[in-house]
Each structure stands twice: as C-alpha cells, then as structure tokens.
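Trainee: Going letter by letter, the sequence shown gives residues 4 to 422 in this note's numbering. The C-beta atom is built at its ideal place from N, Cα and C for all residues, glycine as well. Below you'll find the structure I mean.
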Amino acid sequence: MENPVPDYLDEVVTACAPNLRGEPASYIPELAKVDPDRFGLAVATVDGEVYAVGDAEREFTIQSISKAFAYGLAVRERGLSHVLEKIDVEPSGEPFDEISLEEGSGRPLNPMINAGAITAHTLVGDDTTSPQGRVEQIIQLLSDLAGRELSVDEQVWHSEMAASDRNLAIAHMLRSHGIITDSAEDVVDAYSRQCSVLVTARDLAVMAATLANAGVQPVTGKRVFDGDQVRHLLSVMLTCGMYDSAGDWVSSVGIPAKSGVGGGIIGALPGQVGISTFSPRLDRHGNSVRGVAAFERLSKDLGLHLMRVAPPARSVIHSTTVLGEGEEAVRIYHLAGTIGFTGAERVVTRLTEHPPHERRLALDMTGVHSISGIARRMLLEATRRLREDGHEVFLAEGEDVLPSPDPGDGRELEDVPEL
Ligand code: GLN
4 MENPVPDYLD EVVTACAPNL RGEPASYIPE LAKVDPDRFG LAVATVDGEV
54 YAVGDAEREF TIQSISKAFA YGLAVRERGL SHVLEKIDVE PSGEPFDEIS
104 LEEGSGRPLN PMINAGAITA HTLVGDDTTS PQGRVEQIIQ LLSDLAGREL
154 SVDEQVWHSE MAASDRNLAI AHMLRSHGII TDSAEDVVDA YSRQCSVLVT
204 ARDLAVMAAT LANAGVQPVT GKRVFDGDQV RHLLSVMLTC GMYDSAGDWV
254 SSVGIPAKSG VGGGIIGALP GQVGISTFSP RLDRHGNSVR GVAAFERLSK
304 DLGLHLMRVA PPARSVIHST TVLGEGEEAV RIYHLAGTIG FTGAERVVTR
354 LTEHPPHERR LALDMTGVHS ISGIARRMLL EATRRLREDG HEVFLAEGED
404 VLPSPDPGDG RELEDVPEL
C-alpha cells in the first residue's frame, strides 16, 4: 500500500499554490533574489516519520525562526529566571523590527521581536563567550535540531549587514539600557549570522518536531531541550511567534509557531507533529502568505488546533467483567488509553458512586499506554481506600504502566488470582 499522507500534503500544496499575494522580503536585498514561486511543505511526527513535498528540500535562510531556538538555548544555559530578568514574555502587537522596550525596566517585550532576539542571542554561552563562540554554539544547536550540519549563507549575511541600520539602532538602544553589554556592531554581526543559517522545510519540520517531542530530536534521539524548557518556549511561540498577527494565528491555526522573512514558518503541536512551510512571498506582517494558508488548511483538515476540545476521558473504563463466582468473584475494571488527572478522576468517581458489589476487584491496565504521575497516585489512593472499606484489590498486567505499585498501606498490589 502507498502511504496516503504525501498525497494529501501534495493536495494542500496544489490548493494553496495559485495564491500569489505578497512579496518576498526586499529590505535585505539578497532575499529579494529568491525564486518567489518556490513552495515546500514538510511534516515530521514525534516518531521520526518525515513527509516532505514540493520544494521542501530547497535551502533558504532561517531568519527569525532561529530566534525561537536561540532563545531556548539561552534559557537552557542561563536558566529561565535569569533570562526573564532581561527579556519579558508579553506579546507586543508590534512589527518584528519595532524599536520598543518595556517602560521602566528597559526589557524587550518578548524574545520573538528583534529587540528580544538580539538580547537572547547575547545570553547564549556564559559571560566569557565571544560573539563568534556564540554563533558557533547556535549553529551547533540548529544542526543538532536538524540532524545534519548546517552552515551560514555568506551572501545573505553580507546583504543583511549592509541593511542593518535598524538592528544596529535596536542594539544601541539595548546597550544604553544596560540590557546588552557587547558592542552593538559585534552583536548585530553575530545575530545576522544566526539569521543567515541555511535550512530546508524538511529540516525545519524535524526541528519543530523536536519541540513537539518535548525536546528529543525524533530522528536522531538526541535530547536538545528538557520538557520544561520546551513548554516555556512553545508558550512564547504561541503568543508572540507571529508578531502582530499572533491573535489571528492563534484563532485560525492554533499551533505554536514561528515565521521568518526568508519565507519559512514552523509549527509544533505538542505530542504530535512538527510542520514547516516555505514560500517566499510575505504578507504585511512578514509572514509567508501561502505558508499561513497551508497551515490554516492543515489545522482544519487534520484537527490540529490546540484549543480543539478533545473528547472527554469517559472511555478510560473500557468495560468491566466478572471472573469467578460467589465470594471468589473478582470484578475487573478494564482501563484503556492515556490516563491523566481527568481520566483517573472518572475512575475514582465511578468507584465512589457505583462501588462494586463484589468484595474483590481488579484494575486491568493492559490497555493503558501511559499514565501521569498524578493519575497513578489517585488510583493507588483509591486502592488504599477501597481496602479500608473491606475490598480486596488486584492489579492485572500493570508492571509497565504502574511499576512497583504501593498504595501506601504497606501492602503491595497483587496480580489477579487464577480462578
Ligand atoms: N534577520 C532578520 C532581521 O533581524 C530577521 C527578521 C525576520 O525574519 N522577521 O531583520
């Protein structure tokens, strides 16, 4: 059988391709030279499956998409509280290159606009790291995320440097507020190199899938960020990643994302997929027109909106059966799926409101593929209370999801007896 997913993605590209609105970025002259018709789409799952269609193997510069990852690196190396002292996490509602800082503190409003991104860039490494050293660390990080060695497009970098008055102004302003200490020229030089790293939509989809996978690159298995760092980063991407169209994006697409003026967009849906599009024509916010259209379509067709209300956890108790007869009888609750707080709450409520007539009962965990820490504690506490009420409680096949179950009353949970 041929996998239908690439066919579907081809269909999305074909449907969005006729949209020729927007213009490639021209404020960096080299970017204006790109073929505006290129259009690539790639999707990478947290299992490491990668689908790439159209121009998904063409290289272009990462631009502002690098801001998300460099910020993640700063948080990884300096700790979140230190980084928050320098950069806030409030959506600015302003264009990416706005020359604005928070009143009073002088902090940039968030790490996705240039002021915050330039600051985050300087927080990579430690106080002794040179600007060149920072760039190397960032390229290494991006390469780890992509799973291949990435390099800088020197021509785009030169072109960006020749058009860097605005970023220099931002850097000078940051220096005057004591937010950065290096020379404005050095910082903008290094930050522009970060923006000029060459990637493909395929690379970006895998990089986004690393975020979707809580920080582990799904193809190489390398851990790049920890779970808390990713949660923070995705939150900032959701609220600030699309600049002054962040509100529109969240309501129509609902996936944490970041765009770049090179024409790329990434989106990372926690626990599911990383998505990337590449199409150079930009809207007035600096976001790729066809990229936004493709994301809207994918979000709708594939049900990827983060705020989509998931079906209730009602189905956690899949069924119940009774084994044996009379005093010997054991009522077995067959649990299934992923059990978090709400799932465990349903089990506990069922046992409270409809306690089993049988004295003996068992939790069958064979159909459960994961259980959160709090759900585990709730089920073990329920076990302890049922025992207090005179029930005997067993566990079926739970070693994988409930290893060494201890309800806290000194008595281990035993396997269901042979009847
Ligand atoms: N290098 C670009 C800049 O700083 C990145 C901007 C972007 O992609 N939005 O101006």
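(1) Let me check you understand the geometry: is the CB of D50 closer than 7 angstroms to at least one non-hydrogen atom of ligand 1?
(2) For the stretch 356–368 against the stretch 377–397, are there 3 or more C-beta pairs whose distance is under 8 angstroms?
(3) Is N170 close to ligand 1? I mean its beta-carbon at under 7 angstroms from any heavy atom of the ligand.
(4) If we call anything under 8 angstroms between Cβ atoms a contact, is C243 one with N113?
(5) Spatial neighbours of E163 within its chain, please: CB distance less than 7 angstroms, with the 5 preceding and 5 following residues excluded, ordered by chain position.
(6) Is any non-hydrogen atom of ligand 2 found closer than 7 angstroms to the C-beta of F72, if you look at the structure I gave you?
(7) Which of the three DSSP states is assigned to F42 in this structure?
(8) Under the rule that 16 or more other beta-carbon atoms within 10 Å means buried, what is A174, buried or exposed?
(9) Is C198 a contact residue of ligand 1, with contact defined as CB to any heavy atom under 7 angstroms?
(10) Tell me which residue opens and which closes the alpha helix (DSSP H) that G346 is part of.
(11) My output table needs one value for P157: the three-state DSSP class, helix, strand or coil.
(12) Please classify K225 as buried or exposed, where buried requires at least 16 neighbouring CB atoms within 10 angstroms.
(13) Can you give me the C-alpha to C-alpha distance between E105 and D58, rounded to a whole angstrom?
(14) According to the neighbour-count rule (16 or more other Cβ atoms, all chains shown, within 10 Å of its Cβ), is F42 buried or exposed?
(15) Quick one: what does DSSP say G267 is sitting in, helix, strand or coil?
(16) Of the residues I377, T213, S254, S262, which one's Cα is nearest the Cα of S67?
(17) What is the DSSP secondary structure of M368, reduced to helix, strand or coil?
(18) Suppose the cutoff is 7 angstroms on Cβ atoms and the five residues either side in sequence are ignored; what does the same chain contact list for R79 look like?
(19) Alpha carbon to alpha carbon, what distance is there between L305 and P410?
(20) At 4 residues or longer, what runs of the alpha helix (DSSP H) sit wholly inside the stretch 50–87?
(21) Apart from the five residues on each side of it in sequence, which residues of its chain come closer than 8 angstroms, Cβ to Cβ, to H372?
(22) Would you check whether ligand 1 has a heavy atom nearer than 7 angstroms to the C-beta of V190?
Mentor: The answer reads as follows:
(1) Counting from 1 along the sequence shown, the entry for residue 50 is found at position 47. Answer for D50: no, Cβ out of range of ligand 1.
(2) yes
(3) Taking the sequence shown and counting its residues from 1, one reaches residue 170 at position 167. Because some heavy atom of ligand 1 lies under 7 angstroms away, the Cβ of N170 counts as near it: yes.
(4) Counting from 1 along the sequence shown, the entry for residue 243 is found at position 240. Counting from 1 along the sequence shown, the entry for residue 113 is found at position 110. Yes.
(5) For the purposes of this step, residue 163 is identified with residue 160 of the sequence shown, where counting begins at 1. These residues qualify, in order along the chain: I31, S195, C198, S199.
(6) Among the ligands modelled here, namely ligand 1, ligand 2 does not occur.
(7) Position 39 of the sequence shown holds residue 42. It is coil, neither helix nor strand.
(8) Within the sequence shown, residue 174 is the residue found at index 171, counting from 1. Per the 10 Å Cβ criterion, buried.
(9) Reading the sequence shown from its first residue, position 195 is the one you call residue 198. Answer for C198: yes, Cβ within range of ligand 1.
(10) Locating residue 346 in the sequence shown gives position 343, counting from the first residue. Here the alpha helix (DSSP H) through G346 covers 344–356.
(11) If you number the sequence shown from 1, residue 157 lands on position 154. Checking the sequence shown, residue 157 turns out to be Glu, not Pro. The answer is helix: DSSP assigns E157 an H, G or I state.
(12) Translated into the one-based positions of the sequence shown, residue 225 becomes position 222. K225 should be labelled exposed.
(13) As a first step, residue 105 is located in the sequence shown; it is residue number 102 there, counting from the start. As a first step, residue 58 is located in the sequence shown; it is residue number 55 there, counting from the start. C-alpha separation (whole angstroms): 40 angstroms.
(14) Within the sequence shown, numbered from 1, the residue matching residue 42 stands at position 39. The residue is buried, with at least 16 neighbouring Cβ atoms inside 10 Å.
(15) Within the sequence shown, numbered from 1, the residue matching residue 267 stands at position 264. Residue state, collapsed to three classes: strand.
(16) The residue labelled residue 67 in the question sits at position 64 within the sequence shown. The candidate whose alpha carbon is nearest that of S67 is S262.
(17) Here residue 368 refers to the residue found at position 365 when the sequence shown is read from its first residue. DSSP places M368 in strand when its eight states are reduced to three.
(18) On the sequence shown, position 76 is the one that residue 79 refers to. Correct list, in chain order: F228, Q232.
(19) Your numbering for residue 410 matches position 407 in the sequence shown. Your numbering for residue 305 matches position 302 in the sequence shown. When rounded, the distance between both Cα atoms is 41 angstroms.
(20) 68–81
(21) As a first step, residue 372 must be located in the sequence shown, where it is residue number 369. Here the set comprises G340, T341, V404.
(22) What you label residue 190 is simply residue 187 of the sequence shown in a count that begins at 1. For ligand 1, not one heavy atom lies less than 7 angstroms from the Cβ of V190.
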